[in-house]
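Chemist: In our numbering, the protein residues as written are 3 to 214. C-beta: ideal position from N, C-alpha, C; glycine also. Quick one: the structure is below, and I'll ask about it shortly.
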Amino acid sequence: MKLHNFFRSSASFRVRIALELKGLSYEYLPVHLARGEHKKEPYASIAADALVPMLEIDGQRLSQSMAIIEYLDETHPEPALLPRDAVGRAKVRALAQSIACEIHPLNNLRVLKYLSNVLKVDEETKNTWYRHWVREGLESFERQLAQSPASIYCHGNTPTLADCCLVPQIFNARRFDANLEGLPRTLAAFDACMALPAFQKAQPSACPDFEA
């Protein structure tokens, strides 16, 4: 397996977590988003959406982190990242999508660049935008957790797809100094994840292309 990714990309981070949880080895291929490498050759000719992550496996090229993780879960079912029961799977997917579909699209690199380069907002305005949408999204995430039974992770007592999404979002929230107060279940799940070697190995500072 070859994983094209960027150390700071939260979508790439999600896939790295899944690979580590499943104990799967892969070749790490960096694509520097901030330098525009995703839009240049040779990557541009193999990645139709010009995004990361992209997983190459068995002659196939798979894009979009959520699709990649579910593919890995189907082809390497242990440990499972989705519950066995249909209701549990729906709840885990809802939590994951609250981050991947509600928070992340408003705050990814290309949106932040558009705010700065095209709309000409200043740095503080851009960061205020980021913090607002992260906070609003995480408050929703916390309410969802509060309606569920007590658990070590986002859902149950083993990490799931939801945790793969949560941890990178908290990393980015802290990088932008977003307000994380009053989110006890969310941060407890994050702390439980970060106690596991798989999450530690997948974090940005452990990546070969890491930049402080």
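From Leu83, Leu114 and Ile101, pick the residue whose C-alpha is nearest to that of Phe178; which is it?
Modeler: Here residue 178 corresponds to residue number 176 of the sequence shown, with the count starting at 1. With distances taken between Cα atoms, Phe178 lies closest to Leu114.
Chemist: Relative to the C-alpha of Ser150, which residue among Trp135, Asn129 and Ala191 is closest?
Modeler: Taking the first residue of the sequence shown as position 1, residue 150 is located at position 148. It is Ala191 whose Cα lies nearest to the Cα of Ser150.
Chemist: Just confirm the distance between the C-beta atoms of Glu144 and Leu185, as a whole number of angstroms; I'd bet it's less than 8 Å.
Modeler: Position 142 of the sequence shown, counted from the first residue, corresponds to residue 144. Position 183 of the sequence shown, counted from the first residue, corresponds to residue 185. Yes, they are in contact, since the Cβ atoms of Glu144 and Leu185 sit about 5 Å apart, within 8 Å.
Chemist: What are the boundary residues of the alpha helix (DSSP H) that includes Gln202?
Modeler: If you number the sequence shown from 1, residue 202 lands on position 200. Where Gln202 is concerned, the enclosing alpha helix (DSSP H) stretches over Pro199 to Ala204.
Chemist: Got a sec? Which residues, its chain only, sit under 7 Å from Ile19 by beta carbon, not counting five neighbours each side?
Modeler: Reading the sequence shown from its first residue, position 17 is the one you call residue 19. For Ile19, where only same-chain residues beyond five positions count, the Cβ hits under 7 Å are Cys166, Val169, Ala200, Phe201 and Ala204.
Chemist: List, from N- to C-terminal side, the alpha helix (DSSP H) runs of 4 residues or more that fit wholly inside the stretch 135-214.
Modeler: Taken in chain order, the unbroken stretches of alpha helix (DSSP H) that lie wholly in the stretch 135-214 and span 4 residues or more are 163-177, 186-196 and 199-204.
Chemist: Under 9 Å between the Cβ atoms of Val136 and Ala180?
Modeler: Indexing the sequence shown from 1 puts residue 136 at position 134. Indexing the sequence shown from 1 puts residue 180 at position 178. Yes, they are a contact pair.
Chemist: With C-beta atoms as the reference, is Leu74 less than 9 Å away from Ser65?
Modeler: Taking the first residue of the sequence shown as position 1, residue 74 is located at position 72. Taking the first residue of the sequence shown as position 1, residue 65 is located at position 63. No, the Cβ-Cβ distance between Leu74 and Ser65 is not below 9 Å.
Chemist: Can you tell me where the alpha helix (DSSP H) with Arg91 in it begins and where it stops?
Modeler: Position 89 of the sequence shown, counting from 1, holds the residue named residue 91. From DSSP, the alpha helix (DSSP H) with Arg91 extends over Ala88 to Gln99.
Chemist: Verify whether the separation of the beta carbon atoms of Ser67 and Ser14 is less than 9 Å.
Modeler: As a first step, residue 67 is located in the sequence shown; it is residue number 65 there, counting from the start. As a first step, residue 14 is located in the sequence shown; it is residue number 12 there, counting from the start. Cβ atoms of Ser67 and Ser14: closer than 9 Å.
Chemist: Figure out for me which residue from Gly158, Lys122 and Leu35 has the closest Cα to the Cα of Lys93.
Modeler: For the purposes of this step, residue 93 is taken as the residue at position 91 of the sequence shown. Nearest of Gly158, Lys122 and Leu35 to Lys93, Cα basis: Gly158.
Chemist: In angstroms, rounded to a whole number, what distance separates the CA positions of Ala164 and Leu23?
Modeler: In the sequence shown, the residue the question calls residue 164 occupies position 162. In the sequence shown, the residue the question calls residue 23 occupies position 21. Each residue's alpha carbon lies about 13 Å from the other.
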